[in-house]
Structures are given as C-alpha cells and as structure tokens.
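Sequential numbering from 45 applies to the sequence shown in our numbering.
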Amino acid sequence: MKLKKVSALFIAAIMIGTVVTGCASNPASTTAVNSTESLADQVASAAESAAASVAAGDKKIVLGFAQVGAESGWRTAETASIKDIPSKYPNIELKFSDAQQKQENQLKAVRTFIAQKVDVIAIDPVVETGWDTVLKEAQQAKIPVIIVDRSVDSDASLYAAFLGSDMEEEGKKAAQVVIDKFGTNPCNIVEIQGTVGSSAAVGRDKGFNEAIKGHDNIKILKVQSGDFVRAKGKEVMEAFLKSDGDKFNCLISQNDDMAVGAVQAIEEAGKKPGQDIFIVSFDGIKDMFQLMADGKSNAIVECNPLLGPQLAELSMAVASGASYDKVTKSNENVFLQNQAAAELPNRKY
Ligand code: AHR
C-alpha cells in the first residue's frame with residue numbers, strides 16, 4: 045500500500061489547499077504571502093501552520109461512515125475498529141450511521157452526509173447493486189467516497205477507493221479446504237449463504253463454485269440464506285437436517301455466526317459437528333475458533349474486519365490529494381482445526 049503515513053502530508057496538503065483556495069477567492073490574502081520566499085519555503089511554512097492548526101484542533105476532516113448493521117460478530121468488530129478512529133486520529137471527526145441491514149437506510153445516510161458537507165464518505169454496502177445515483181450525487185457535491193469491506197457493481201470512476209476483502213478469493217480458499225479434505229470421496233454440501241445480493245455472499249459463492257468445477261465428487265445439494273445472523277443460521281440448519289439429514293456430510297457457512305447457530309442445531313439433532321459433518325466457515329471470530337479448538341468445526345477462511353486504521357489513512361489521503369491505491373485488499377489466512385487452540389489467544393475479534 046502506498047499509504048505509508050499520510051498524516052503529515054495530509055496536514056500540509058489541507059493547509060496548502062486552504063492557502064490556495066484563500067488566494068483564489070480573496071485577493072487580499074495573496075499580499076500576505078512573502079514574494080521573496082521560495083515556493084518550497086511557503087509550502088513548508090504552510091505545513092507548519094497547518095500542523096499547528098490541526099494540533100490546536102482547528103482543522104479536522106469529517107468522515108461519514110454508512111455501516112451495514114450489527115448482524116454478526118465480524119460486524120461488531122468492524123464497527124468498534126471504525127469508531128476507534130477519532131481516538132487514534134484526532135484530526136478525524138466521525139459521523140456513524142447504522143443501516144440495520146437495509147440499503148434504503150444507507151442511501152438516506154449517504155444523502156444526509158452529502159447535505160452535511162462531510163469531507164469523505166465511506167460506505168460499507170449492504171448489497172452490490174443500486175449505488176450509481178447516490179455515488180453520482182456525492183461526486184457532484186465533490187465529496188470523495190470510499191467503499192469499505194463489501195464491493196459495489198458501480199463503475200470504479202464513481203468512487204475514490206475500495207478497501208476490503210477479496211470475497212471471490214475467500215470462496216476459492218474454502219473450496220480448496222474441501223478439495224484437500226475429501227479428495228475423490230463423496231462430498232455432499234449444504235450451504236448457508238449470507239445476505240442475498242451482498243458482495244460477501246455473491247463473491248464467496250462464485251469463488252467456491254468456480255474452484256470445485258471438475259471435482260465431480262463435490263456436490264452442492266441445498267443453498268439457503270441465513271442473512272449472516274446466528275439465529276437464522278440455526279434455523280436454516282434445522283430445516284436442512286429435517287429435509288436432508290442423511291444426505292449431506294459437509295456444511296459451507298458463509299460466516300462464523302451462522303456456523304455457530306448451525307453447530308447448535310447439529311448437536312440438538314444428535315449429530316457430531318466437525319465429525320459427522322465437515323464444517324467450513326468465514327470470518328475468524330473468537331467463538332468459532334473456540335468451537336474449532338473443541339473439535340466441533342473444521343476450517344475458517346479469515347475475513348479482516350479491523351479496517352479502521354487503514355480507512356483513516358485512506359480518508360486523509362483522499363481528502364488531501366495525496367497518492368493512494370485505488371484498491372486495497374486485506375491479507376487473510378485459512379485456519380484448520382489443528383491450528384485453532386494455538387491461534388485462539390491471538391484473535392483480536
Ligand atoms: O461483509 C463481511 C461479512 O459481513 C462477514 O463475513 C459477515 O460476518 C458480515 O456480516
């Protein structure tokens with residue numbers, strides 16, 4: 045990532061921007077600039093004044109964050125990481141909105157941020173589609189937008205940057221775990237998917253299906269959404285067990301919370317999760333690592349929710365005109381059951 049430490053640059057650029065804007069709009073201010081000073085000196089002194097200004101709390105950027113909701117342990121961890129931004133980056137003021145898993149609420153939140161003239165808008169989109177109009181509105185208002193965690197299907201020219209996971213890659217990693225485990229033996233899968241239309245659900249499904257192509261022993265028998273929610277994951281697994289209990293030996297759960305619910309349902313049905321049914325889930329929350337350490341699940345494909353610091357750095361770069369990467373994807377691991385006990389104490393969410 046090019047964003048090494050943009051904080052200092054950001055301060056300078058904001059101040060330079062202020063000076064330049066001031067010069068353009070108020071000719072009197074040009075007389076304040078010493079014409080014998082070199083441009084470099086003027087820039088340096090502008091940066092110093094800006095630093096002093098930021099230190100004094102005069103110049104902040106306002107970041108509006110449109111969150112998905114509070115559907116999972118992953119989401120709770122991401123929200124905490126985002127809400128921690130102002131304590132780590134005092135020059136950033138955060139406005140936070142929780143859409144309760146509804147795109148219409150997110151659209152309203154983004155329009156409110158535009159009306160409030162925030163400096164940067166970050167959207168963690170509930171679903172992939174339906175963002176073009178509001179992104180164009182933000183662009184017309186000259187407010188840069190950063191897409192976080194889940195992606196959108198809009199043209200990349202409509203937003204400044206993307207920061208988050210490669211969901212297709214995660215799906216491929218899950219498939220590889222299954223391929224490694226089952227080899228040429230029969231693998232009959234039930235899949236609990238996340239929120240319909242979310243890039244997390246669409247991407248993981250696409251990656252998984254692509255990767256199992258040609259492995260004729262691996263079959264997906266049933267697919268149903270559990271909306272990334274623990275209680276719904278349990279309900280879906282109860283239904284699968286009722287209708288097809290004897291037919292499947294593998295569960296792909298598109299997040300850990302739904303897998304935790306599914307494990308409960310499997311145990312209540314008198315079966316052994318992690319033994320009778322091989323389980324692969326996504327995220328890497330502590331609850332799931334504990335279940336894996338207890339032998340009740342088999343693999344986790346990690347998805348990183350701790351995006352706050354990167355979002356802060358990116359917001360400052362975007363707001364100040366410093367260089368930044370258009371796309372920043374998280375580095376994520378796969379953890380197998382035999383690694384769970386050792387990894388559990390290291391988990392941060
Ligand atoms: O977008 C990330 C996904 O959303 C996580 O896998 C899931 O737990 C969350 O709700």
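Built from N, CA and C at the ideal position, the CB exists for glycine as well.
Check, Outcome
"At the level of alpha carbons, what is the spacing between isoleucine 136 and lysine 127?", "11 Å"
"DSSP has threonine 156 in a bridge; who is on the other side?", "Bridge partners of threonine 156: none, in fact."
"On a CA-only basis, which of Gly258, Gly318, Leu351 and Lys216 is nearest glutamate 122? Give me that one, please.", "Leu351"
"Buried or exposed for threonine 65, please, with buried defined as at least 16 other CB atoms from any protein chain shown within 10 angstroms of its CB.", "Because threonine 65 carries a pLDDT of 27, less than 50, the predicted location of this residue cannot be relied on, and no value is offered for it."
"Please classify leucine 351: does DSSP put it in a helix, a strand, or coil?", "coil"
"How long is the line joining the alpha carbons of alanine 95 and lysine 104, rounded to whole angstroms?", "With a pLDDT of 38 at alanine 95, under the threshold of 50, the modelled position of that residue is not reliable, and the figure given next carries that caveat. Those two C-alpha atoms are separated by around 11 Å."
"Beta-carbon separation of glycine 238 and phenylalanine 272 under 9 Å?", "yes"
"Expressed to the nearest angstrom, what Euclidean distance is found between the alpha-carbon atoms of glycine 314 and valine 196?", "41 Å"
"First and last residue of the alpha helix (DSSP H) that includes lysine 250?", "243-256"
"Taking the alpha-carbon of tyrosine 133 as reference, which of Gln111, Trp118, Ala143 and Leu107 has the nearest alpha-carbon?", "Leu107"
"Indicate, with yes or no, if ligand 1 has a heavy atom lying under 8 Å from the CB of alanine 451.", "This structure gives no information on residue 451, because the portion of the chain shown stretches from 45 to 393."
"To the nearest angstrom, how far is the alpha carbon of alanine 306 from that of serine 364?", "47 Å"
"Which residue wins for smallest C-alpha separation from lysine 146, given the options Gln160, Ala114 and Asn377?", "Ala114"
"Can you confirm whether the region 323-341 touches the region 371-382 when touching is taken to mean that 3 or more C-beta pairs between the two stretches lie within less than 8 Å?", "yes"
"At which residues does the alpha helix (DSSP H) containing threonine 120 begin and terminate?", "117-127"
"Shortest alpha-carbon distance to glutamine 150 belongs to which of Gln160, Ala166 and Lys186?", "Ala166"
"Cutting at 8 Å between CB atoms, please list the residues of its own chain near glycine 39, excluding the five before and the five after it.", "In the structure as shown, the chain starts at 45 and stops at 393, and residue 39 therefore has no counterpart that could be examined."
"Compute the Euclidean distance between the alpha carbons of phenylalanine 109 and alanine 343, then round it to the nearest angstrom.", "32 Å"
"Which term fits alanine 100, buried or exposed, when burial requires 16 or more other beta carbons within 10 angstroms of its beta carbon?", "Confidence at alanine 100 is low in this model, with a pLDDT of 38, below 50, so its placement is unreliable and the value that follows should be read with caution. That one is exposed."
"Could you check the C-alpha separation between valine 221 and aspartate 199 for me, to the nearest Å?", "33 Å"
"What does DSSP give as the partner residue(s) for isoleucine 264 in the beta ladder?", "Ile233"
"By how many angstroms is the C-alpha of serine 374 removed from the C-alpha of glutamate 357?", "15 Å"
"At a cut-off of 8 Å, would you count valine 112 as near ligand 1, judging by its Cβ distance to the nearest heavy atom?", "yes"
"Less than 8 Å between the CB of serine 116 and some heavy atom of ligand 1, yes or no?", "yes"
"For the beta strand (DSSP E) that contains glutamine 111, what are its first and last residues?", "105-111"
"Identify the residues that DSSP records as bridge partners of serine 269: which are they?", "Gln237"
"Can you find the residues in the same chain that come closer than 7 Å, C-beta to C-beta, to glutamate 282, ignoring five residues on each side of it along the sequence?", "Ala309"
"If we call anything under 9 Å between Cβ atoms a contact, is arginine 194 one with glutamate 172?", "yes"
"If we ignore side chains and look at the alpha-carbon of each, how far apart do threonine 228 and serine 297 end up?", "22 Å"
"Determine the direct distance from the alpha carbon of lysine 286 to that of glutamate 279, and round the result to whole angstroms.", "11 Å"
"Could you tell me if valine 304 is buried or exposed, where buried requires 16 or more neighbouring beta carbons within 10 angstroms of its beta carbon?", "buried"
"Helix, strand or coil for glutamate 92 per DSSP?", "Because the pLDDT at glutamate 92 is just 41, under 50, the model does not fix this residue reliably, and the value given afterwards should be weighed accordingly. Of the three classes helix, strand and coil, the one that applies to glutamate 92 here is helix, per DSSP."
"Determine the direct distance from the alpha carbon of aspartate 168 to that of threonine 80, and round the result to whole angstroms.", "Confidence at threonine 80 is low in this model, with a pLDDT of 32, below 50, so its placement is unreliable and the value that follows should be read with caution. Cα to Cα, the separation comes out at about 49 Å."
"Would the beta-carbon of serine 287 be found less than 8 Å away from any heavy atom of ligand 1?", "no"
"Report the residue ranges of all alpha helix (DSSP H) runs contained in full by the region 308-352; include only those spanning at least 4 residues, in chain order.", "330-337"
"Taking only the alpha-carbon atoms, compute the straight-line gap between glycine 117 and asparagine 299 and give it to the nearest angstrom.", "9 Å"
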